[in-house]
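Heads up, the thing below is written out as structure tokens.
Protein chains in written order, with my numbering: chain A, 4 to 139; chain B, 358 to 858.
Right, dumping it as structure tokens:
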């Protein structure tokens with residue numbers, strides 16, 4: 004259970020797995036951090052976020068987008084992500100948290116945005132798999 | 358007729374360097390690839406052709422969707438893609454513009470020669486790296502408060518002029534004089550503005566860079582003279598975009614379109630092609646927001662350029678004016694713009710693919726250029742007065758080891774490409790593979806020892822990801838552009854110092 008960075012001509016893709024949807028989402032978030040930074044220190048405080056969307060793919064898109072937003076506005080790299088995903092009536096919700104490593108503690112590159120390109124969220128025998136292409 | 362089949366996609370050669378994917382199935386127009394055999398081989402190695410074919414599904418697409426010689430796989434719409442949709446009956450697609458709205462390049466001239474700079478490269482690269490924010494979280498040249506961001510989005514480089522970050526000459530040498538009149542700051546979300554606030558005047562990272570270069574070759578003396586370029590001259594190239602503000606704006610509108618125009622989205626083969634129907638509220642809002650992001654990106658590059666002037670003034674201990682540090686031109690790579698072009702129409706005056714056309718008409722189009730550069734020829738009214746007699750300058754950045762080109766808009770560009778050409782060398786290799794094949798410090802040492810190019814980056818990984826070997830042959834890209842007459846070779850430059858995020 005975790006993530007792998009996969010090749011893409013211009014950009015970077017993250018393939019992640021988790022025993023639950025939440026774990027797979029959090030692992031995708033960790034992949035986003037890995038695409039940004041090679042070595043992650045132990046510094047930073049945890050913060051929480053909740054994201055709602057009309058579908059599962061939209062939820063993953065919005066969750067990663069929110070991590071990128073928090074990164075730029077808080078000035079921290081969100082790492083060690085934790086997440087749980089639930090279905091509430093007509094929408095999907097992810098309750099998540101991350102440790103925000105101050106930019107001063109890392110040498111990081113910019114990931115511009117999350118994309119829908121080739122996005123996959125699939126249930127497997129072992130849990131869930133995701134695949135997301137990031138715009139670098 | 359010469360034909361090729363790549364991954365199940367059939368291409369017919371129309372003439373040298375022009376390949377056509379015929380219209381079939383749900384395609385609304387044919388697609389064209391402008392490439393030599395060698396470039397087509399590379400273009401065929403990833404999903405570029407499939408993405409180009411998908412782009413022809415956009416409603417109201419006219420003539421062809423076109424892939425420039427440096428094209429490669431993007432997300433949704435290929436990088437190096439040009440697609441012109443009817444502004445009345447078609448659509449506008451944030452996906453066909455890309456996340457980094459008005460990512461682009463500008464070149465500043467100087468009256469210094471390579472002799473003036475040799476021996477001082479280290480000092481220059483250190484001074485630039487210390488003074489031009491780059492990487493993630495490096496801040497910006499200006500601390501942007503709420504009022505500043507609104508003014509930048511609304512007024513573009515006019516704001517920079519008012520604040521002392523530009524001179525009138527800068528505006529005269531920028532597309533639209535550095536201000537998009539259609540900008541609507543109220544259509545840019547607070548989230549996007551929050552992200553832009555501390556990034557105003559920053560390079561970012563990835564393939565963005567700032568480079569001191571020397572002119573090594575001049576191919577068209579008259580045009581080079583009009584541009585003020587001569588051999589051995591030092592110039593500065595700046596490549597960056599609208600930063601988090603632009604990225605967030607694209608993201609916001611992709612999601613809005615998904616929610617409000619799901620029916621149109623369902624007809625498209627890729628969600629990243631998300632488009633708002635022409636005339637819809639969302640199409641108008643996105644156009645206004647995108648134009649505001651264009652202004653932001655112009656100011657971003659302007660602030661960096663002005664900071665470079667200050668750095669040069671300090672390093673060479675003389676005023677930047679005495680070094681004739683003037684803007685040559687600024688080109689955008691990722692925008693959609695309302696432009697008038699001649700297209701085929703049917704008996705009722707509706708735009709249709711050339712094969713079905715009974716007549717031609719001047720129509721207003723949204724010309725989407727994603728990883729492509731506008732290339733208007735001499736005489737076009739939208740070329741700044743300073744260059745109207747010779748054609749619009751086009752700046753094609755190459756890799757750190759291959760140098761860059763200055764072209765001018767060619768006479769065939771309006772016929773062949775809606776007035777467009779390539780935007781760079783185009784990537785050949787993924788970033789993950791690049792990091793396996795190259796080591797940042799080795800690349801840096803080799804460039805310095807073998808090519809006398811001084812590189813400084815926030816991250817060694819970025820140097821590896823941007824190593825010269827990961828890019829296509831920029832010479833071949835430019836050769837095709839020149840031979841087709843869409844962008845003619847004017848001059849070539851080679852790096853001296855390079856900083857990146």
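Idealized CB from N, CA, C, for every residue including glycine.
Per DSSP, the unbroken beta strand (DSSP E) holding residue 133(A) starts and ends at 130-138.
Taking a beta-carbon distance threshold of 9 angstroms, residue 10(A) counts as an interface residue toward chain B. Taking C-alpha positions only, residue 449(B) is separated from residue 460(B) by approximately 18 angstroms. Taking a contact as a CB-CB distance under 8 angstroms, the pair residue 735(B) and residue 831(B) does not count as one, their CB atoms being some 24 angstroms apart. Using a Cβ-Cβ cut-off of 9 angstroms, residue 120(A) counts as an interface residue toward chain B, since at least one Cβ of chain B sits closer than that to its own.
Where residue 663(B) is concerned, there is no enclosing beta strand (DSSP E), although the alpha helix (DSSP H) around it starts and stops at 638-673. For the set 381(B), 390(B), 365(B), 433(B), the Cα lying nearest the Cα of residue 374(B) is the one of 390(B). Here the alpha carbons of residue 815(B) and residue 111(A) stand approximately 8 angstroms from one another.
Judged by beta-carbon spacing, residue 756(B) lies beyond the 9 angstroms limit of residue 849(B), meaning their Cβ atoms are not closer than that value. The closest CA to that of residue 504(B), considering only 495(B), 493(B), 516(B), is found on 516(B). Assigned with DSSP and collapsed to three states, residue 514(B) falls in helix. With a threshold of 9 angstroms between beta carbons, residue 72(A) makes contact with chain B.
In the structure shown, the three-state DSSP call for residue 369(B) is strand. Residue 411(B): member of the alpha helix (DSSP H) spanning 405-412, first to last residue.
In the DSSP annotation of this structure, the continuous segment of the beta strand (DSSP E) that includes residue 845(B) starts and ends at 844-857. Excluding five sequence positions before and after residue 843(B), the CB atoms of its chain that fall closer than 6 angstroms to its own CB belong to 732, 767, 769, 770, 773, 774, 778, given in chain order. In the three-state scheme derived from DSSP, where H, G and I count as helix and E and B as strand, residue 806(B) is classed as helix. Residue 443(B) has 722(B) as its beta-bridge partners, per DSSP.
Residue-level contact by beta carbon holds for residue 138(A) and chain B, with a gap shorter than 9 angstroms. When Cβ-Cβ separations below 9 angstroms define contact, residue 403(B) makes contact with chain A. Under the DSSP definition of a beta bridge, residue 390(B) partners with 376(B), 424(B).
In summary, the residues of the region 35-52 of chain A whose CB is separated from some CB of chain B by less than 9 angstroms are 38, 39, 40, 41, in the order they occur in the chain. The DSSP assignment places complete alpha helix (DSSP H) segments of no fewer than 4 residues inside the region 482-558 of chain B at 503-512, 514-519, 525-529, 547-554, in order along the chain.
Under a 10 Å Cβ-count criterion, residue 835(B) is classified as buried, with 16 or more other Cβ atoms of the shown protein chains found around its own Cβ. Scanning chain A for C-beta atoms nearer than 8 angstroms to the C-beta of residue 615(B) yields 61, reported in chain order. The three-state secondary structure of residue 31(A), taken from DSSP, is helix.
The Cβ neighbour count for residue 398(B), taken over all protein chains shown within 10 Å, is under 16; the residue is labelled exposed. In this chain, the beta strand (DSSP E) harbouring residue 103(A) covers 94-105. At a cut-off of 9 angstroms between C-beta atoms, residue 555(B) counts as an interface residue with respect to chain A. At a cut-off of 9 angstroms between C-beta atoms, residue 92(A) does not count as an interface residue with respect to chain B. Within the region 420-438 of chain B, the residues whose Cβ lies closer than 8 angstroms to any Cβ of chain A are, in chain order, 429, 430, 431, 432, 433, 436. Straight-line measurement puts the Cα of residue 387(B) at about 26 angstroms from the Cα of residue 614(B).
Sixteen is the threshold: when 16 or more other Cβ atoms of the shown chains lie within 10 Å of the Cβ of residue 548(B), as they do, the residue is buried. Counted as a single uninterrupted DSSP element, the beta strand (DSSP E) harbouring residue 597(B) occupies residues 590-597.
Just so you know, the alpha carbons of residue 58(A) and residue 93(A) end up roughly 9 angstroms apart.
Apart from sequence neighbours up to five positions away, the residues of its chain that approach residue 96(A) with a beta-carbon distance below 6 angstroms are 55, 89, ordered along the chain.
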